[in-house]
Amino acid sequence: MRKHFIPVALFVVLATMAVSCQKENVMDFAPETTVSEAGTVYTVQYAVNGVLHSITISNDSEWDAFMQTIFALSREGYEVRIVDENRPADGLSAKETQAYTTTNESNASTWTQKKVLGGYQVTVVYNQTTGEYTCIATR
Numbered sequence: 004m005r006k007h008f009i010p011v012a013l014f015v016v017l018a019t020m021a022v023s024c025q026k027e028n029v030m031d032f033a034p035e036t037t038v039s040e041a042g043t044v045y046t047v048q049y050a051v052n053g054v055l056h057s058i059t060i061s062n063d064s065e066w067d068a069f070m071q072t073i074f075a076l077s078r079e080g081y082e083v084r085i086v087d088e089n090r091p092a093d094g095l096s097a098k099e100t101q102a103y104t105t106t107n108e109s110n111a112s113t114w115t116q117k118k119v120l121g122g123y124q125v126t127v128v129y130n131q132t133t134g135e136y137t138c139i140a141t142r
């Protein structure tokens with residue numbers, strides 16, 4: 004036992020001396036710096052034929068993917084309603100309604116996104132016989 008005690012004790016003394024000779028405190032370390040992009044996060048609720056869903060969108064590419072999904076659902080015959088959760092609802096009793104009809108999906112998508120971010124609830128319906136998207140914004 005005495006043979007094992009001396010090397011271990013010698014190792015502990017040398018380790019303590021090595022730490023005490025350090026110019027910096029071993030326990031101090033530089034905090035990591037991270038750069039985070041401060042962006043706007045949207046929580047959007049949407050209903051597909053009355054079934055409510057929610058999604059969080061944080062950038063333009065996610066918006067584009069979401070809008071593609073919405074318009075794909077509408078082409079399949081579903082009625083889709085979209086509303087931005089973060090927008091406060093107006094307390095006005097009179098409803099304001101705007102309608103937009105087009106055969107161009109990109110234009111309908113841009114109009115829908117603009118209205119949703121403007122505080123409107125937008126309903127998207129696709130007419131398969133005419134190939135038209137009808138987008139109705141209500142506030």
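Just so we're on the same page, our numbering is the position in the sequence shown counted from 1, plus 3.
Note that beta-carbon positions come from the ideal geometry of N, C-alpha and C, so glycine has one too.
In this text the structure is predicted, and so the values were computed from the model without any measurement.
Where the beta strand (DSSP E) containing residue i begins and where it ends
i	result
Q116	It is not in any beta strand (DSSP E) - Q116 instead sits in the alpha helix (DSSP H) that spans E108 to L120.
V86	V83 to D87
V47	Y45 to V51
T126	Q124 to N130
E135	E135 to T141
Reference residue i, options the options, closest by Cα
i	options	result
A50	W66, I58 and A68	I58
E82	E65, T137 and W66	T137
G122	R84, N107 and D63	R84
Q124	N130, T132, T115 and Q131	T115
V86	P10, Q131 and H56	H56
N52	T133, S109, T132 and V128	V128
A111	L120, M70 and T141	M70
D63	V11, I9 and L120	L120
Where the alpha helix (DSSP H) containing residue i begins and where it ends
i	result
E65	D63 to R78
Cβ distance (whole Å) where residue i is taken to contact residue j below 8 angstroms
i	j	result
E135	T106	5 angstroms
V44	E88	Not confirmed; about 11 angstroms, so no contact.
Exposure of residue i, with buried meaning 16 or more beta-carbon neighbours within 10 Å
i	result
T126	buried
A68	exposed
S61	exposed
K118	buried
S109	exposed
Next on the checklist: Three Cβ pairs or more, each shorter than 8 angstroms: is that satisfied between the region 98-106 and the region 69-82?
Outcome noted: Remark: fewer than three beta-carbon pairs, one from each stretch, lie closer than 8 angstroms, so the region 98-106 and the region 69-82 are not flagged as touching.
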